[in-house]
Structures are given as structure tokens and as C-alpha cells.
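Position 70 (the sequence shown) corresponds to 1228 in my numbering; numbering is contiguous. By construction, the Cβ of each residue, glycine as well, lies at the ideal position given by its N, Cα and C atoms. Keep in mind it's a predicted model, so treat the numbers as computed, not measured. Beneath this line is the structure, given in C-alpha cells, with notes to follow.
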Amino acid sequence: MKGFPVKSYEGFEQKVLDGVTLYKSNRRWIALVVVETPYGRQLKLYAWVMRDGEWKVDLANLNIGYWDFKKFAEHAEKLSKKYLVSKGEEIPEEDPTTAILREWINDQPRGKKFRPIRLR
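The following block contains the structure:
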């Protein structure tokens, strides 16, 4: 299957079998992807970032095939409600400057020196 920018490495071939995009912008792409590897089929969570005109793995590709998705969803929902974490579409309309700044902050690489802030 073409489309997802999954790369193979020396001694570790990965063939994309299927996948679904969870989020995609001009700079960030997050997807669930099923890949065939030397260790069998794996369900992976990928996050890519656009750099120099090419999609590159951002944080990591994470094998999530063994996760308990029901429990994951329950915990995610509980924490989202507890800390008032909103989904993007629930954020009220904002002025263009704030929207541009929010997008810029969310597209910055994550690391020890940079922590994104939540604009309200």
C-alpha cells in the first residue's frame, strides 16, 4: 500500500498493509498503520513531521498491537474530562493571530527544552 511514509531499514523491512490517518496538516501527520515486519504483522502509531519537503518520523513509531484499546479510550476520556482537554473542533473561534500562533506552537518539535503551551 502506498501513501504512508513508512521506511524500511537495513535488516528490518516494513511493508505497509493498511492504515488510517488520524490527523494531517501541512506539517504533521498522525496515523495508525498495519505493517508486515520480520517479526510478523504489527499495528503501529506513527507521527511524522514535514522537514525539507519530506515526511520524517517525528517522535517514534510505536507498536500498539498489544494495547487494550477499550481501557486506553476510557483513560483518555477520563483524563480529558478531568483536565478539560478539548478536541480541536470544540475550541471557540479565535482571532487569526492566535490561530497562527497555536498552529506554530503545535508544529514545533517536542523535546526537553520546549514544552508547548495551551492557548485559550
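Just the C-alpha distance for E1194 and D1176, rounded to the nearest angstrom, thanks. 10 Å
Three-state secondary structure assigned by DSSP to E1247: Note that E1247 scores a pLDDT of 46, beneath 50, so its modelled location is shaky and nothing firm can be said.
Could you work out which residue in S1166, I1222, E1232, Y1181 is closest to W1206 when comparing CA atoms only? Y1181
What does the Cβ neighbour count give for F1170, buried or exposed, with the cut at 16 atoms within 10 Å? exposed
Nearest to V1215 (by Cα), restricted to the options A1231, V1178, R1185: R1185
Cβ atoms of Y1204 and V1300: under 8 Å apart, would you say? Residue 1300 lies beyond the residue range present for the chain, which begins at 1159 and ends at 1278; the question has no answer from this structure.
Is K1239 closer than 8 Å to I1222 when the C-beta atoms are compared? no
Assigned secondary structure, K1270 (DSSP; H/G/I helix, E/B strand, else coil): Legend: pLDDT at K1270 = 48, less than 50; position of this residue unreliable, value from coordinates given subsequently. Coil.
Going by C-alpha distance, which of K1236, F1230, R1209 is nearest D1265? R1209
Taking 8 Å as the cut-off, decide whether the C-beta atoms of W1187 and W1225 are in contact. no
Taking DSSP as the reference, what is the three-state secondary structure of E1212? strand
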